[in-house]
Structure formats: structure tokens, C-alpha cells
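Line by line, the protein sequences are chains A and B.
For my numbering, add 950 to where a residue sits in the first sequence, where the first one is 1.
For my numbering, add 2 to where a residue sits in the second sequence, where the first one is 1.
Taking it in order: structure first as C-alpha cells, then the write-up.
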Amino acid sequence: QSALTQPASVSGSPGQSITISCTGTSSDVGGYNYVSWYQQHPGKAPKLMIYEVSNRPSGVSNRFSGSKSGNTASLIISGLQAEDEADYYCSSYTSSSSYVFGTGTKVTVL
Amino acid sequence: QVQLVESGGGVVQPGGSLRLSCAASGFIFSSYGMHWVRQAPGKGLEWVAIIRYDGSNKYYADSVKGRITISRDNSKNTLFLQMNSLRGEDTALYYCAKDLSASGWHPDYWGQGTLVTVSS
């Protein structure tokens, strides 16, 4: 199972909005609404930010939102803050009853 | 609150074996699926395996199939990962993670990981 494709890096200024894309195939992202997004700060464990494409777990800021169109899912971070600087990973269930993560995106707050 | 504490990592020679454990607390362990996910040094996340809440179903990444076995002891709130025929590419920080549900595919809470180094 190949990793989902994400841009290596995305940057933005405080207060701006950024979008991170996650491209898969009809066998994973496009075929199921089981897309999640994780935030990982250096040396820390990943934190679930979005599940089932657009649902936010309790306690996650509403500045984080998710969507999907075809084989591409997106994470939108609005009102960018310094604390949002981290690595972000998408993930998806796959048709072979497995799970795959994206290649990861480093978000930099300018 | 949910706590997941991994242990059992260490240095092992290629071809060797290792058994990882994950002690869970703060939630009803027997009601949730559990995952193992690994991260090689400086690299991205790689899903390894999942086990359903009652141990009835287990699924593995192709890269570990046949060499790694996931199991759980619900009476002891503990998740395991038995790793055999280890290779250099298995070197990684191994995280255990709780799923959002009994039979879902959404790791939510993660432990801090245990480091496995495969080297001669």
C-alpha cells in the first residue's frame, strides 16, 4: 500500500488560512469516508485533529476543518497561530483492510 | 484520562525477536480496537497492525505480514506486538494507539512510543 501524497511543506503568516492536501486513490481516500488528520509536534506523539473526513474530536479547535473531493482530502487551518507549527499527516482506511498514512506536511508559521 | 505506556523496545540483531507491550488505563480497554503504528527516525508514520476490541479480527500492513503478531489481554488491559525475523527497516519508534471505537479505523489516543533498533 503506497503512502498518500501530501505536500512536503506549507507555510503561512499568523491569522492566515492554509490548506493541506492529501491525495490517494479510489481504493482509499476516494472510496471511504475514513480519512483522519494528525498533528505531531517534534518529539511528541501524534494528536488526532479530524476523523471521518470532517469531524473534530472534543477539545480540538474549530480553526481546524476537513473536507474531501474525489480522491483528495484537505485539512484547512484558519486563523493560523504559532502553536500550529508542526507536522501534519492524513490517513485513510483502504480496500485491502489496511490503513495508510500520508507522506506528511511540515507547517511553518512565518 | 487515557494513558498508554509502551515498553519492551531495545536493540536486537537482524533476524532476532522482540515483544512489545502497551499498558492501557483510563478507559474500558475491552471496548476498543487498538493499533500499532511506527515511525522510523526522521521519517513519517507507518501503520503496522490493528486488533478488534475482542481480539476476533487482526489486520496487518504488507510490510510486516507473516513476521509480526498483534494480540491483547483484556483481563490485564494490555496490548502486545510480537516481532520476529526483524530487519533493519523495522528500526523505529513503535506507538500503540487506541481506536475511536470497537471496530473502527481511527486511532485517537497515542502512547509516547518505545524505540526498537535492529542492528548488528
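Each residue gets a CB set at the ideal place from its N, CA and C atoms; glycine is no exception.
| query | result |
| --- | --- |
| Mind reading off the beta-carbon distance from residue 22/B to residue 83/B? Whole number of angstroms is fine, and I expect it under 8 Å. | 4 Å |
| Going by DSSP in three states, residue 32/B sits in which element: helix, strand or coil? | helix |
| Beta-carbon of residue 1035/A versus every beta-carbon of chain B: anything under 9 Å? | no |
| With 16 other CB atoms within 10 Å as the buried threshold, where does residue 989/A fall? | buried |
| Cβ atoms of residue 109/B and residue 996/A: under 9 Å apart, would you say? | yes |
| Can residue 1049/A and residue 49/B be called in contact, C-beta distance under 9 Å? | yes |
| Check the Cβ of residue 1054/A against every Cβ in chain B and list those closer than 9 Å, keeping chain order. | 45, 46 and 47 |
| When the distance is taken between beta carbons, is residue 81/B closer than 9 Å to residue 70/B? | no |
| On the DSSP bridge list, what partners appear for residue 1052/A? | 954/A |
| Does the CB of residue 113/B have a neighbour CB from chain A at under 9 Å? | yes |
| Is any beta-carbon of chain B found at less than 9 Å from that of residue 990/A? | yes |
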